[in-house]
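A.B. asks: Residue numbers (this note's numbering): 7 to 218. Okay, here's the structure, questions in a sec.
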């Protein structure tokens with residue numbers, strides 16, 4: 007009697023399941039997943055059939071996927087860096103296969119700011135903080151940079167800029183223009199110098215003769 011009831015129950019469940027599956031024919035669901043903005047392929051997307059016991063499938067590196075489903079099944083598409091997409095297969099399909107172009111939108115995630123500290127423990131931070139040398143303020147730094155020793159060192163080490171070089175060249179050109187007619191020559195080659203020398207000698211001899 008037990009076995010008979012078990013067989014009858016099994017046949018009843020099988021008939022109900024067959025009727026339910028007969029109402030929804032199987033189709034080959036195929037698709038390619040791309041980015042909605044750039045139309046580039048989105049690889050390795052997880053495709054989940056929520057209607058059929060959440061069976062999961064994976065698209066390949068070209069964004070292509072293909073699996074058996076029923077018309078009207080709800081499909082969830084998930085990928086890292088993209089918003090989750092929930093779409094349903096059309097209920098009325100007149101063919102044994104269905105192809106869809108799936109468009110996913112990139113998701114911008116703003117991560118919180120992370121501060122990395124070089125101290126592993128509070129004790130290390132306290133030790134470094136207590137031994138830290140406090141830097142000078144802006145006033146002390148400005149006074150040190152404007153001290154006579156600092157300015158003299160800068161004068162000795164810094165090269166001349168374009169304005170200083172131009173000023174020196176202008177002054178040298180001015181000096182050459184003023185002194186070009188005042189060139190010193192050898193007095194022995196100047197006849198006027200020889201005449202002045204002879205006059206001095208004659209005047210000296212005349213003065214000596216008159217004194218005698």
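Ideal Cβ positions, reconstructed from N, Cα and C, are used throughout, including at glycine.
Is the segment 48–56 in contact with the segment 116–127, if contact means three or more CB pairs nearer than 8 Å?
C.D. replies: Short answer: they don't touch.
A.B. asks: Considering only C-alpha positions, which residue in the set 84, 58, 59, 56 is nearest to residue 69?
C.D. replies: Of the listed residues, the one whose Cα sits closest to residue 69 is 84.
A.B. asks: From the DSSP output, in three-state form, read off residue 134 for me.
C.D. replies: Here residue 134 sits in helix by DSSP.
A.B. asks: Would you decide whether residue 162 is buried or exposed? Buried here means 16 or more other CB atoms lie within 10 Å of its CB.
C.D. replies: Result: exposed.
A.B. asks: DSSP state of residue 152, grouped into three classes?
C.D. replies: Residue state, collapsed to three classes: coil.
A.B. asks: How long is the line joining the alpha carbons of residue 92 and residue 75, rounded to whole angstroms?
C.D. replies: Their backbone Cα atoms lie some 15 Å apart in a straight line.
A.B. asks: Quick one: residues in its chain with C-beta nearer than 6 Å to the C-beta of residue 34, no 5 flanking neighbours on either side, listed in chain order?
C.D. replies: Same-chain partners within the cutoff: 103.
A.B. asks: According to the neighbour-count rule (16 or more other Cβ atoms, all chains shown, within 10 Å of its Cβ), is residue 45 buried or exposed?
C.D. replies: Residue 45 comes out exposed.
A.B. asks: Around the C-beta of residue 254, are 16 or more other C-beta atoms found within 10 angstroms, so that it is buried, or is it exposed?
C.D. replies: One cannot answer for residue 254 here, as it falls past the ends of the chain, which runs 7 to 218.
A.B. asks: Around the Cβ of residue 65, are there at least 16 other Cβ atoms within 10 angstroms (buried) or fewer (exposed)?
C.D. replies: By the neighbour-count rule (16 or more Cβ atoms within 10 Å), residue 65 is buried.
A.B. asks: Less than 8 Å between the CB atoms is what I'm expecting for residue 41 and residue 126, so what's the real figure, rounded?
C.D. replies: Residue 41 to residue 126, Cβ: 43 Å. No contact.
A.B. asks: With distances taken from CA atoms, which of 72, 97, 205 is nearest residue 80?
C.D. replies: Here the closest residue by C-alpha is 97.
A.B. asks: Using only alpha-carbon positions, find the residue among 136, 172, 88, 63 that is nearest to residue 36.
C.D. replies: When each option's Cα is compared against that of residue 36, the closest is 63.
A.B. asks: Determine the DSSP secondary structure at residue 84, reduced to helix, strand or coil.
C.D. replies: Three-state result, residue 84: strand.
A.B. asks: Under three-state DSSP, which class holds residue 177?
C.D. replies: If DSSP states are grouped into helix, strand and coil, residue 177 belongs with the helices.
A.B. asks: May I ask you to report which of helix, strand or coil DSSP gives residue 69?
C.D. replies: If DSSP states are grouped into helix, strand and coil, residue 69 belongs with coil.
A.B. asks: When you compare only the Cα positions, how much space is there between residue 158 and residue 122?
C.D. replies: Distance between the alpha carbons of residue 158 and residue 122: 43 Å.
A.B. asks: Counting C-beta neighbours from all protein chains within 10 Å, is the total for residue 95 16 or more, i.e. buried, or is it exposed?
C.D. replies: So residue 95 ends up on the buried side.
A.B. asks: Among 59, 78, 72, 39, which one has its Cα closest to the Cα of residue 30?
C.D. replies: The shortest C-alpha separation from residue 30 is found at 78.
A.B. asks: Please check the pair residue 110 and residue 38, which I expect to be a contact at CB under 8 Å, by giving their CB distance rounded to whole angstroms.
C.D. replies: Between residue 38 and residue 110 the Cβ distance is about 11 Å, and since that is not below 8 Å, they are no contact.
A.B. asks: Using the Cβ count rule (16 or more neighbours within 10 Å means buried), how would you classify residue 151?
C.D. replies: With fewer than 16 other Cβ atoms within 10 Å, it is exposed.
A.B. asks: Taking the beta carbon of residue 108 as the centre, do at least 16 other beta carbons fall within 10 Å, making it buried, or is it exposed?
C.D. replies: Buried.
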